[in-house]
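For reference, the structure discussed in these notes is given below.
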Amino acid sequence: MPDVAEAPPPPGAGVRVVDDGGPAPAPSPKLGAMTSTAPTTAWGHGLATIAADGSVLDTWFPAPALGEPPAEGSAAAEAPADLVALQGNDDARGVTARVVTVVADLTTGPKDASDGYLRLHLLSHRLVRPHAVNLDGLFGVLANVVWTSAGPCAVEDFETTRLRLRARGPVAVYGVDKFPRMTDYVLPAGVRIADADRVRLGAHLAEGTTVMHEGFVNFNAGTLGSSMVEGRISAGVTVGNGSDVGGGASIMGTLSGGGKEVISLGERCLLGANSGLGIPLGDDCVIEAGLYVTAGTKVTLRGGMTVKAVELAGQSNLLFRRNSTTGAVEVIDRVGTGVELNEALHKN
51 MPDVAEAPPP PGAGVRVVDD GGPAPAPSPK LGAMTSTAPT TAWGHGLATI
101 AADGSVLDTW FPAPALGEPP AEGSAAAEAP ADLVALQGND DARGVTARVV
151 TVVADLTTGP KDASDGYLRL HLLSHRLVRP HAVNLDGLFG VLANVVWTSA
201 GPCAVEDFET TRLRLRARGP VAVYGVDKFP RMTDYVLPAG VRIADADRVR
251 LGAHLAEGTT VMHEGFVNFN AGTLGSSMVE GRISAGVTVG NGSDVGGGAS
301 IMGTLSGGGK EVISLGERCL LGANSGLGIP LGDDCVIEAG LYVTAGTKVT
351 LRGGMTVKAV ELAGQSNLLF RRNSTTGAVE VIDRVGTGVE LNEALHKN
């Protein structure tokens, strides 16, 4: 393997670990970027839970769809009878269930809570990939909700609501949050989820994905192929086919701290246990256990050149390791057999 040139790259240029004459990696997409093939419209019949003050606590869409809604007067334009039958009041929770039909312009942010829930369902139903729909302002349209074994409840005066619910039997509170568990609304085929609390509605889990007990997948994030998830996939992050996010590993998101660059992990990659990733990586990369690589991490390349890790964003076939003698973070070319998942663990 030839050494990296010692001269620093010009401003804005990436650093290649090996100068093999190949094309430099394409710049990673930015948060919220829409591709030319991204869907622009979606619709669905949903069941909304409406609190006493008129706020929408949630909306369940059993069969959301991309494209324009059916013509008025057609059979498809009418909500299914089974869904209509679920309408009514729940006096113990102090809510009303009502059928709504939502048509969403996916190129703009959600206009209300039901619109936001439709977009989250599109992701978890795998009708769109992360970043394919506009989620700008999503937090502002979603209510903070008490998620219980009896269903969603308003936060205001919940202790009184709890008393009414206890009269019917035991009640469990699963959390107080703006996002519910995915499995309470969508159960995608071909996946395993060891702990349903660890996957939010709006997560995109490709067929063959296994999420173990310590794994976590946020909304507008997830896997694009068969993957093992034993660590944290933060909002906006995607993981490619055949990759393994090791136990306790973490991939940085973009919800806080001002970050705009989308972090992604390519195919056949391995994040070792308790490692971390703060830059996008290509295919066949490995970060050793316990090593957290952020954009500003200084890494030493073969030949002694030191660069910030962000200079390597998007590159493939890299091994990140910490020198156990000097403590320096080193990056070398990765050769040999790629990461291979245990197929038996992903036949879900």
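Residues in the sequence shown are numbered consecutively from 51, following our numbering. Cβ coordinates follow ideal geometry from the N, Cα and C atoms, glycine included.
Hey, how far is the Cα of residue i from the Cα of residue j?
i: Tyr342; j: Leu320; result: 13 Å
i: Ser174; j: Ala271; result: 10 Å
i: Glu393; j: Met278; result: 11 Å
i: Pro79; j: Val106; result: Reliability fails at Pro79, whose pLDDT of 39 lies under 50, so the model's placement of it is uncertain and the value that follows must be treated cautiously. Distance between the alpha carbons of Pro79 and Val106 is about 33 Å.
i: Ala121; j: Ala127; result: 6 Å
i: Leu170; j: Arg218; result: 32 Å
i: Thr260; j: Phe370; result: 25 Å
i: Leu168; j: Gly346; result: 37 Å
i: Val357; j: Gly297; result: 28 Å
i: Leu327; j: Arg176; result: 25 Å
i: Thr85; j: Pro180; result: Residue placement at Thr85 is poorly supported in this model, since its pLDDT is 35, which falls under 50; the coordinates still yield a value, given next. Straight-line Cα distance between these residues: approximately 11 Å.
i: Gly322; j: Ala113; result: 38 Å
i: Val178; j: Gly123; result: 28 Å
i: Val183; j: Gly252; result: 11 Å
i: Glu280; j: Ala125; result: 44 Å
i: Met355; j: Leu368; result: 16 Å
i: Gly290; j: Gly265; result: 16 Å
i: Thr109; j: Ser164; result: 6 Å
i: Thr376; j: Ser366; result: 25 Å
i: Ala359; j: Gly275; result: 26 Å
i: Ala200; j: Ile382; result: 54 Å
i: Phe229; j: Phe111; result: 15 Å
Over what stretch of residues does the beta strand (DSSP E) that includes residue i continue unbroken?
i: Val357; result: Thr356 to Lys358
i: Ala131; result: First-last for Ala131: Ala131 to Val134, but that is the alpha helix (DSSP H), not the beta strand (DSSP E).
i: Gly138; result: Gly138 to Asp140
i: Ile382; result: Val379 to Asp383
i: Val106; result: Val106 to Trp110
i: Leu368; result: Leu368 to Arg372
i: Val249; result: Here Val249 belongs to no beta strand (DSSP E), and DSSP marks it neither H nor E.
i: Ala363; result: That residue, Ala363, is in no beta strand (DSSP E); it is neither H nor E in DSSP.
i: Val226; result: Val223 to Asp227
Check residue i in the structure and name its three-state DSSP category.
i: Glu241; result: With the sequence shown as reference, residue 241 is identified as Val, and Glu is not the correct amino acid for it. Reduced to three states, the DSSP call for Val241 is coil.
i: Val261; result: strand
i: Thr350; result: strand
i: His95; result: strand
i: Asp234; result: helix
i: Arg216; result: helix
i: Asp103; result: coil
i: Leu341; result: coil
i: Glu393; result: helix
i: Thr288; result: strand
i: Thr26; result: Nothing about residue 26 can be read from this structure; the chain reaches only from 51 to 398.
i: Ala90; result: The displayed chain sequence assigns Thr, not Ala, to residue 90. DSSP places Thr90 in coil when its eight states are reduced to three.
i: Ala115; result: strand
i: Ala253; result: strand
i: Ala271; result: strand
i: Pro59; result: Interpretation of Pro59 is limited by its pLDDT of 40, a score under 50 that renders its predicted location unreliable; the figure taken from the coordinates is listed afterwards. In this structure, Pro59 counts as coil in the three-state DSSP scheme.
Given 8 Å, three or more beta-carbon pairs between the region 86 to 96 and the region 152 to 160: yes
Length at least 4, wholly inside the region 152 to 209: the alpha helix (DSSP H) runs in chain order: 163 to 174 and 188 to 191
Stretch pair the region 243 to 251 + the region 208 to 222: three plus CB contacts closer than 8 Å: no
Any 3 or more C-beta pairs closer than 8 Å across the region 122 to 141 and the region 155 to 164: no
contact_flag[the region 189 to 206, the region 278 to 289] where n(CB pairs < 8 Å) is 3 or more: no
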